[in-house]
Amino acid sequence: MLNIVAHYSFDYAQQVHYPSSPLQAGPIYFVTPRKCGIFGVCCEAIPQQVNFLIDESFDTGKGANPVISMVHFYLKNHGLNSVSIHFNADNCTGQNKNNTVIQYLLWRVMTGLNASISISFLPVGHKIFS
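Each step along the sequence shown adds one to the number in UniProt numbering, with nothing skipped, and position 98 is 98.
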């Protein structure tokens, strides 16, 4: 484990529709385009962002469970393996301040995956990614 503090940000982005073309005036060929949700986790030190693309048929909402699953996957497969972590997140109650998310962060510390974890919630409307 690296003796550093890693700084990550995570949030849901706007949904996108596909198939799409930037030159297309609107959804001409398809009555209802498919929707794709985007959840991003960014390591602010690198900066490198990993986006999770969620097709509408697999969308389970923007609650705590999907957030925990994607953040855990990111830290396991793309994280810096640091001793301490600091997260930035938006001020959305369902995604971030949920007791389940806080309990997950506590679980990471209690199981020795990290020595300490802190999380900051930015004011509504502020951009959090580098």
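Cβ atoms here follow ideal geometry from the backbone N, Cα and C, with glycine treated the same way.
Do three or more CB pairs link the stretch 33-45 to the stretch 110-123 at distances below 8 angstroms?
No: the two stretches stay apart, fewer than three of their Cβ pairs being nearer than 8 angstroms.
Does Ala64 pass the burial test, meaning 16 or more other C-beta atoms within 10 Å, or should it be called exposed?
On the sequence shown, residue 64 is found 64 positions in, with the first residue counted as 1. The residue is buried, with at least 16 neighbouring Cβ atoms inside 10 Å.
May I ask you to list the residues that DSSP assigns as paired with Leu53?
What you label residue 53 is simply residue 53 of the sequence shown in a count that begins at 1. In the DSSP output, where bridge partners are listed per residue, Leu53 has Ile38.
In angstroms with no decimal places, state the Cα-to-Cα distance between Gly79 and Pro33.
Here residue 79 refers to the residue found at position 79 of the sequence shown. Here residue 33 refers to the residue found at position 33 of the sequence shown. When rounded, the distance between both Cα atoms is 34 angstroms.
I'd like to confirm the pairing. Which residues does DSSP put opposite Asn99 in its beta bridges?
Within the sequence shown, the letter at position 99 stands for residue 99. Looking at the DSSP assignment, Asn99 forms no beta bridge with any residue, so it has no partner.
For the beta strand (DSSP E) containing Ser86, list its first residue and its last residue.
The residue given as residue 86 occupies position 86 in the sequence shown. Checking the sequence shown, residue 86 turns out to be His, not Ser. Its beta strand (DSSP E) spans residues Ser82 to Ala89.
May I ask you to check if the CB of Val67 is nearer than 6 angstroms to at least one heavy atom of the ligand NAD?
Looking for the ligand NAD in the displayed structure turns up nothing, as the structure carries no ligands at all.
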